[in-house]
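First up is the structure itself, then whatever we jot down about it.
4 protein chains.
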Amino acid sequence: MDQRSQRKQREYEARREEILLAAERMFSQHGFFKTSMAEIAESAQFAMGTVYRFFKSKEEIYISLVEAKVEELLSLLKEATKSGSTAPEKLRDVIRVKLAFADQNRDFFRIYVSEWSGFEWTVKSAFGDRVWKKYLAQIDLVAKLIKDGIKAKEFRHVNPKDTSLALHGMLNSTIYVWILQAGPKESLVDKGEWLSALFLGGIGAAKTNT
Amino acid sequence: MDQRSQRKQREYEARREEILLAAERMFSQHGFFKTSMAEIAESAQFAMGTVYRFFKSKEEIYISLVEAKVEELLSLLKEATKSGSTAPEKLRDVIRVKLAFADQNRDFFRIYVSEWSGFEWTVKSAFGDRVWKKYLAQIDLVAKLIKDGIKAKEFRHVNPKDTSLALHGMLNSTIYVWILQAGPKESLVDKGEWLSALFLGGIGAAKTNT
Amino acid sequence: MDQRSQRKQREYEARREEILLAAERMFSQHGFFKTSMAEIAESAQFAMGTVYRFFKSKEEIYISLVEAKVEELLSLLKEATKSGSTAPEKLRDVIRVKLAFADQNRDFFRIYVSEWSGFEWTVKSAFGDRVWKKYLAQIDLVAKLIKDGIKAKEFRHVNPKDTSLALHGMLNSTIYVWILQAGPKESLVDKGEWLSALFLGGIGAAKTNT
Amino acid sequence: MDQRSQRKQREYEARREEILLAAERMFSQHGFFKTSMAEIAESAQFAMGTVYRFFKSKEEIYISLVEAKVEELLSLLKEATKSGSTAPEKLRDVIRVKLAFADQNRDFFRIYVSEWSGFEWTVKSAFGDRVWKKYLAQIDLVAKLIKDGIKAKEFRHVNPKDTSLALHGMLNSTIYVWILQAGPKESLVDKGEWLSALFLGGIGAAKTNT
DNA sequence: TATGAATGAGGCTTCATTCAT
DNA sequence: TATGAATGAAGCCTCATTCAT
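Residue numbers (the working numbering), protein chains in the order written: chain X, 817 to 1026; chain G, 817 to 1026; chain D, 817 to 1026; chain U, 817 to 1026.
Here is the structure:
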């Protein structure tokens, strides 16, 4: 009996996942509004009614999708901030991790950047808020890292939050344009080293810093 | 007669502008999809049919709106790249100009960042492309500036395009979060100096650079 | 200008009426739930969107329909209670008026009896309440009439409200079955005289009353 | 084996009854259309598929429900018409029985009055007809009683069918409003005596009858 | 036989666009 | 040229019924 309900549970999860994957595909291609429930259902190979057994609205699919991935990214970043011994090393890891994640979740990332910027005004905010909070958690996580680095004199005296924000902007912008590129392209992760250097050292020539 | 047609022309432009302003207001508040033509027309104090005399679709309003502002920003940035004598100075001007523009065009900027990221997939791309090209033109403009700076040994050896992209990401991210802040807030333009310093010098402590 | 807007007003009312008539037809044939907006629109010879310019929901059509007629009936009954000189005469008028109204509004009356009884549980009550109140107003109106009759010793000592209720039940039941009869049938109004006699004198033989 | 199949039979009936009770609860609260099969199944503690083993459609549940109760009422009324010695006494019994039945079957009666009036048009009529016929059987039963009373000079010369109809209308109306009353209320059965008197003697003062 | 997940037709409503006035 | 009422396709969601387990 327990066996049976366990299997049910697993199947339930599997179907749910199926739908989320289909939704991710569609949303990343056409955006939230231009994706219809019919398309999601078809893409997931389910009848519309079935989709509604798992999610009570289109919005909920969207939010679940974004939230799950944002959480995943957040926890990966958390680990990264514990990895290296010095703050600059940790920062390098953070950058590496985010780029790698983006590389492996391109469909999602199209949605994500879109979400990061434009969703708040377009969908009822109760949900959107939750995602937005998670995004800010990322910012804060790195801000904390920077703060520690400053304390350890590994970083200059900067405003941690603003700086974290700027870093994420750099990364998102880079990721985004990279994803949009049509043809074959160099590895996104490879840009990590350079971005770390840029962020740590700026672009100014040596003399600028003396 | 010529007088008359000139007046007509002026009136035409004035009405068109009126509509664009109304659309900017509405789009910035509710986003593209949640804004209806009826709302735009009402907000512009025209009948719906009249709006359609000026723009052949809702999409076109949106694109015209974004395009005009992006063009304005682009030309402001062009001027900025001619201003100072050295590349770093020009770069500071670029940053200052973009922030000032954002400060004065908050409504638009909400739309813009949204556009920058999420629109392409949601609206037929023929239009979206035009805006996207203008965005890339900004990137290229600054990339050129960086290239010059490198040649003049004012900047380190970096990939100009990638670096320009990173800079814009930093700025957009900063602008966006600033706009979203609810209460009274410090001037956006004031962040310019710091962002310039960050970008030019990185956050690494002095020793990192030697 | 005033001319024009007056004409508009009239046309608006005409169209609204058109829709109500169509709705009355459909509702009376299939009931509220089995009637679709598409059917109403088609029956009214309008596109669905047009119907929604006049009524913001299917429910609103239904309520408007019922409310208007109930009001009409109520005001007819009010007049009737002012007509005759004695209470029994007034009562006869009330009965006559209600039957005549039913005769001329058969479609509506099918809906009405249904409404009177079954709607409250099936549709959100905010609206239903309004109709229900109007129905009670009819009861009260006649109750008042009975009270006066009692005071004038024209009626026996009975509970006015309960008695009024019983009278309306008699009438509704009679009307309803009459409407349902398929073939040609004797005039409904002709039953009025007999119903008045029944109500005033009961069915008991003379001896019962002594 | 026979034992076994008898038990099966009993169990079958018990389950069926369970479902009907659940349906009665739900229908009386939300009406036919606003009650879903899922709700009925849940309320009856069965799976939806199981419900369908007993009734082949939602409609059938509804009809079975109404039919069974109407039959019960009908047979109670039949007994009542055999009870007393004179027609007026029998009539009093009829009234008493119907009111008592309504008192004990409030949930059902909400459905019933609704059915009595509005259902025919809303659900395919094949079924509705059966219930309607049972209702008419009640009318006829009492009509017969009245006819007998007339023959025995216990009643005046009235049209038996119309009169029976009027009586039932009085009762239904009274019952219905009584059920709808929210707070604590006087006994419904207590109204029986008065209603009998009203029906037998009318409301006219003595002089009206001479 | 009991279960309850899956189905998919159908309902209500919105809104970009057209066109008669 | 300006108006805004009319259009109707398309979207989201519900739920009676079926059927594989």
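The beta carbon of each residue, even a glycine, is placed where N, CA and C say it ideally should be.
Chain-ordered chain D contacts of residue i [CB-CB under 8 angstroms]
{"i": "U:L1014", "result": "V974, T979, A982, G1018"}
Contact set for residue i: own chain, Cβ-Cβ below 8 angstroms, skip 5 residues either direction
{"i": "D:S933", "result": "Its pLDDT being 49, under 50, D:S933 is placed unreliably in this model, and the value from its coordinates should be taken loosely. Closer than 8 angstroms at Cβ, skipping near neighbours: no residue."}
{"i": "G:A884", "result": "L836"}
{"i": "D:V939", "result": "With a pLDDT of 44 at D:V939, under the threshold of 50, the predicted position of this residue should be treated as unreliable, and no value is reported."}
CB of residue i within 7 angstroms of CB of residue j, strictly
{"i": "U:K906", "j": "U:L961", "result": "yes"}
{"i": "U:K874", "j": "U:M842", "result": "no"}
{"i": "X:F923", "j": "X:E1009", "result": "Sequence inspection shows Asp at residue 923 of chain X; the Phe mentioned does not correspond to that position. Not closer than 7 angstroms, so no."}
{"i": "X:M975", "j": "G:G985", "result": "Per the sequence shown, the amino acid found at residue 975 of chain X is Asn instead of Met. Contact: no."}
{"i": "D:L983", "j": "D:W994", "result": "no"}
{"i": "U:F849", "j": "D:F871", "result": "no"}
{"i": "X:T990", "j": "G:L1014", "result": "no"}
{"i": "U:A860", "j": "U:E834", "result": "yes"}
{"i": "X:L893", "j": "X:L957", "result": "yes"}
{"i": "U:Q822", "j": "U:L890", "result": "no"}
{"i": "D:L1016", "j": "U:G1017", "result": "no"}
{"i": "U:K767", "j": "U:V886", "result": "Outside the displayed span of chain U (817 to 1026) sits residue 767 of chain U, for which this structure offers no information."}
{"i": "X:A959", "j": "X:K977", "result": "yes"}
{"i": "X:Y828", "j": "X:V929", "result": "no"}
Listed by chain order, chain D residues near residue i by CB distance under 7 angstroms
{"i": "U:L1011", "result": "A982"}
{"i": "U:F917", "result": "By Cβ distance, chain D contributes nothing, its closest Cβ being about 17 angstroms from U:F917, past 7 angstroms."}
Interface partners of residue i on chain U, CB under 7 angstroms
{"i": "D:V993", "result": "L981"}
Residues that residue i contacts on chain U, provided the C-beta gap is smaller than 9 angstroms
{"i": "D:T897", "result": "Those do not exist, as D:T897 stays about 16 angstroms from chain U at its closest Cβ, beyond 9 angstroms."}
{"i": "D:N988", "result": "S933, G985, N988, S989"}
Own chain, CB closer than 6 angstroms to residue i, minus 5 neighbours either side, in chain order
{"i": "X:E895", "result": "none"}
{"i": "U:G900", "result": "K906, D909"}
{"i": "X:G965", "result": "A903, F971"}
{"i": "U:A916", "result": "V1005"}
{"i": "X:T866", "result": "none"}
{"i": "U:D838", "result": "In the sequence as presented, Asp is not what sits at residue 838 of chain U; that position holds Ala. These residues qualify, in order along the chain: I856, S859, A860."}
Proximal chain U residues relative to residue i, where beta-carbon distance stays under 8 angstroms
{"i": "D:K885", "result": "Residues of chain U passing the Cβ test: none, with the nearest at roughly 16 angstroms."}
Own chain, CB closer than 7 angstroms to residue i, minus 5 neighbours either side, in chain order
{"i": "G:T979", "result": "I962"}
{"i": "U:R926", "result": "S844, I995"}
{"i": "D:S1012", "result": "L907, R908, I911"}
{"i": "X:A863", "result": "A857"}
{"i": "G:S880", "result": "L836, F871"}
{"i": "D:D919", "result": "L1004, V1005"}
Contact test: residue i Cβ vs the ligand ATP heavy atom, cutoff 6 angstroms
{"i": "G:D1006", "result": "You won't find the ligand ATP in this model; it holds no ligand whatsoever."}
Report the residue ranges of all alpha helix (DSSP H) runs contained in full by the stretch 864-920 of chain G; include only those spanning at least 4 residues, in chain order.
Secondary structure in the stretch 864-920 of chain G: the alpha helix (DSSP H) runs of 4 residues or longer, each lying completely within the stretch, are 864-870, 874-899, 903-920 in chain order.
Name, going along the chain, the residues of the stretch 996-1010 of chain D whose beta-carbon falls closer than 8 angstroms to a beta-carbon of chain U.
Correct list: L996, K1007, W1010.
Whole alpha helix (DSSP H) elements within the stretch 980-1011 of chain G, 4-residue minimum
None, since the stretch 980-1011 of chain G contains no complete alpha helix (DSSP H) of that length.
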